[in-house]
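Protein chains in written order, with my numbering: chain A, 1 to 636; chain B, 1001 to 1230.
In structure tokens form, the structure reads like this:
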């Protein structure tokens, strides 16, 4: 329950009177307001600046420092105020959180200082309101990256202990600055990439004439030399690729990555060329393949951060560019069609077909104007000028927008992804809070049973156990209890609900004990495991916290039917709902006694909270010794 | 925008000036539309102040201090001074995380909103609370009758009761023990009608309701349950 609406709890409880005439069963007793004091102002002195607020305002969030008794440690007897030696600026935000229920993050504040203050006051940063949450997360991530960078540069200087050979190799490949060998390798591959690219380029330059034949490109004149160079480069690239493949932590992921695909595409043509003979048919295709050698230039992106960023921004802008292309295509088609039909009449017209007009349209719209195709008719000239004017608009207009969109869309994409992820996280938080509060109720119901049982035993040291829920919590739980009574049904949690559904669907209880017992202790173990999550210790803490072990223990208990463990089972069975206790397979006498002693199903409860067992004193007399393990029960 | 446009103008000549001009105009129009919307929004914010403290104290059964506490909580959650149905539902739903409290909150809202204006002011709120927490048994029962009587015609018929009981069961949610069956609400309503409808004519009048409730000890006792809520 969001504590902000705690002020409306009286109204919700009053509205519950509307259920009363409908209810068939009597209602539970209301929790007594034991220490009802008038609301008072308390003074919080934070480094000299005094803040004042109502006590109830602070008590809205009982699991924080200011809302719990922890603030008593800071109480100054002489001045009758609470003194905190902390930053008053951040305290303002913290106090506003109590007042309004929304935690804000001030932008001028340093993120780690703010985090420290929140940790001091016991407030989780996750409850920062949506207005400030994005900013907070961004700053936090920046800070974390900065710290990580610092750590990395520190780590790079110190020697990392005992990585396997494969891991060292991978580290060397990814961060060339880690060792001299990696750096050498980095520069060598870079050099060979450059050599390979230059070779490809120079191959096609005409190299001067060989007497008796026409001008040859260098590639054909010095074919052997170029072939050797090419082979050397490809050797280096192949070795590099294989080494990377060997060192990669996840080979499958490495093979799928863009860089490795570029590597493969860069060296493939050479091998295909080796394999293929001088077959006439395929030599044309072979020539085309050589074009792919130019992809070697992309290997430079490993060496250049900027190239990678450019590639990434292009990728993220892809939809905008795609739309631009689409609108351009539309305009081109329209104008090409118009020009074609306008020039159709003219003789010796270059506009032979609509696709032929495309060229004219593109050249005109981009204001290049080569002049190889010009309209001759008057209509053609008119439309041609309209085409060039609109070209200015269509081409020039989106370009500044695209340019300024690069950063905007880039950030927007990031923000949309962030918002989606944060929305998921926010919904998860809300769900957790909801299940938390419903679990708190179920939890305290069981605790309520426990407390009542213990009180009936007359053990004095258990009194503090029931006090741990705040008054508001107990009132809220009373309200939910009234609703249960009105409708004659009980709240249970999802797991038990499914178990019940399963059990009702299977008609025959299995003959073996363990499955039915596994559902039986399942109830207790869910209690126990949930309790262990909420850092509580109960008498059942004698039962081991892990599910499996307690299941086994309980099943062995049933089989053995021994005295001591049955105590714990009878205690645990106190926590069960009454009906679940009726298991036909429970043959052990102590167990059955304990179960029977739980009074009838909730519908027939004679009166309010005094439901739990006036259990047979026999098995339960040893409880106080076990119960002394109890430390504290804290709800939520 | 200006910078990019100017740069473009310089680089590419006269024709490109159109692009930055066009963008400018488009931007101005967009801003103008946005301002219009903001103006409209401001006019819908309403602020209501309640009557004086003395008057409220005279009208209800609360002391001044209790009214102060109530108002502080009210104003905190609804700074504008009125609760509309949406806020009401949200607040009420916070108390029942298991199920869906919206239908019951809807009926509750209409029971609070005596003047049927669509919003609950602090006076309405406090008046209803005064009846529920500090009123006589008679007043409480009358208020409850008013809650059940959805169309406020002075009679409760089976459909109205069905709606109310269904709304209450909705608050339980899905995960209950025993499992909620389809006709559980109907059975519940039948039991209720059996008890309340004295002359078996299918509707419950206020007198029948008062009489039947006063006969039932459980109900009488449970009405006193929330005496000490404040």
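We treat Cβ as the ideally placed atom computed from N, Cα and C, and that holds for glycine.
**Message:** Does any residue of chain A have a CB that is nearer than 8 Å to the CB of residue 1087 of chain B?
**Reply:** no
**Asked** With distances taken between CB atoms, is the gap from residue 19 of chain A to residue 482 of chain A smaller than 8 Å?
**Response** yes
**Item:** Contacting positions in the stretch 1059 to 1084 of chain B - beta carbon closer than 8 Å to chain A
**Value:** 1065, 1069, 1070, 1072, 1073, 1074, 1076 and 1077
**Item:** Cα-Cα separation, residue 1222 of chain B to residue 1117 of chain B
**Value:** 31 Å
**Asked** Helix, strand or coil: which one does DSSP assign to residue 1203 of chain B?
**Response** strand
**Item:** Distance between residue 42 of chain A and residue 1129 of chain B (C-alpha atoms, nearest Å)
**Value:** 28 Å
**Message:** Just to make sure I have the definition right: I need the residues of chain A whose C-beta is within less than 9 Å of the C-beta of residue 1106 of chain B. Which are they?
**Reply:** Ordered by position in chain A, no residue passes the 9 Å Cβ test against residue 1106 of chain B, which lies about 12 Å from the chain.
**Asked** What does a CB cutoff of less than 7 Å around residue 479 of chain A pick up in its chain, not counting 5 residues either side in sequence?
**Response** 12, 13 and 16
**Request:** Scan the stretch 190 to 261 of chain A and note each continuous alpha helix (DSSP H) run of 4 residues or more that stays entirely inside, going in chain order.
**Result:** 218 to 221, 223 to 247 and 251 to 256
**Message:** Quick check: the stretch 1155 to 1168 of chain B against the stretch 1201 to 1210 of chain B, are at least 3 beta-carbon pairs closer than 8 Å?
**Reply:** yes
**Message:** Could you tell me the alpha carbon to alpha carbon distance between residue 350 of chain A and residue 291 of chain A, rounded to whole angstroms?
**Reply:** 32 Å
**Prompt:** Could you give the residue range of the beta strand (DSSP E) that holds residue 52 of chain A?
**Reply:** 49 to 54
**Prompt:** Is residue 30 of chain A near the ligand ZN, in the sense that its beta carbon is under 7 Å from a heavy atom of that ligand?
**Reply:** As for the ligand ZN, it is missing from this structure, which has no ligand bound.
**Request:** Give the DSSP-derived three-state secondary structure of residue 1179 of chain B in the structure shown.
**Result:** coil
**Closer than 8 Å at the beta carbon, the chain B residues around residue 320 of chain A** = Simply none; closest approach about 16 Å.
**Request:** Buried or exposed for residue 1049 of chain B, please, with buried defined as at least 16 other CB atoms from any protein chain shown within 10 angstroms of its CB.
**Result:** exposed
**Request:** List the DSSP bridge partners of residue 1119 of chain B.
**Result:** B/1084
**Message:** Going by DSSP, what residue range makes up the alpha helix (DSSP H) through residue 1148 of chain B?
**Reply:** 1137 to 1148
**At least 3 beta-carbon pairs within less than 8 Å: the stretch 1159 to 1178 of chain B vs the stretch 489 to 501 of chain A** = yes
**Asked** So, does the CB of residue 170 of chain A fall closer than 8 Å to a CB anywhere in chain B?
**Response** no
**Asked** Excluding sequence positions up to five away, which residues of its chain have a Cβ less than 6 Å from the Cβ of residue 493 of chain A?
**Response** 442
**Request:** On the DSSP bridge assignment, give the partners of residue 128 of chain A in chain order.
**Result:** A/103
**Asked** Closest to residue 1212 of chain B by CA distance: which of B/1142, B/1092 and B/1106 is it?
**Response** B/1142
**Asked** Is residue 85 of chain A close to chain B, meaning its C-beta is less than 8 Å from at least one C-beta of that chain?
**Response** no
**Request:** Tell me residue 83 of chain A's beta-bridge partners as DSSP assigns them.
**Result:** A/45
**Message:** What would DSSP say about residue 490 of chain A, mapped onto helix, strand or coil?
**Reply:** strand
**Request:** Report the three-state DSSP secondary structure of residue 24 of chain A (helix, strand or coil).
**Result:** coil
**Request:** Just grab the DSSP bridge partners of residue 500 of chain A for me.
**Result:** DSSP output for residue 500 of chain A lists no bridge partner at all.
**Asked** What are the residues that DSSP puts in a beta bridge with residue 97 of chain A?
**Response** Note: residue 97 of chain A sits in no beta bridge, so no partner.
**Request:** Kindly confirm or deny that the stretch 120 to 131 of chain A and the stretch 97 to 110 of chain A touch, where touching means at least three C-beta pairs closer than 8 Å.
**Result:** yes
**Separation of residue 84 of chain A from residue 69 of chain A, as counted between CA atoms** = 15 Å
**Message:** According to DSSP, simplified to helix, strand and coil, what is residue 1156 of chain B?
**Reply:** strand
**Asked** Between residue 67 of chain A and chain B, is there a C-beta pair that is closer than 8 Å?
**Response** no
**Message:** Tell me the DSSP secondary structure of residue 293 of chain A in three-state form.
**Reply:** helix
**Asked** Does the Cβ of residue 1219 of chain B have 16 or more other Cβ atoms within 10 Å, making it buried, or fewer, making it exposed?
**Response** buried
**Length of the line joining the Cα atoms of residue 637 of chain A and residue 29 of chain A** = Because chain A here runs from 1 to 636, residue 637 of chain A falls outside it and cannot be looked at.
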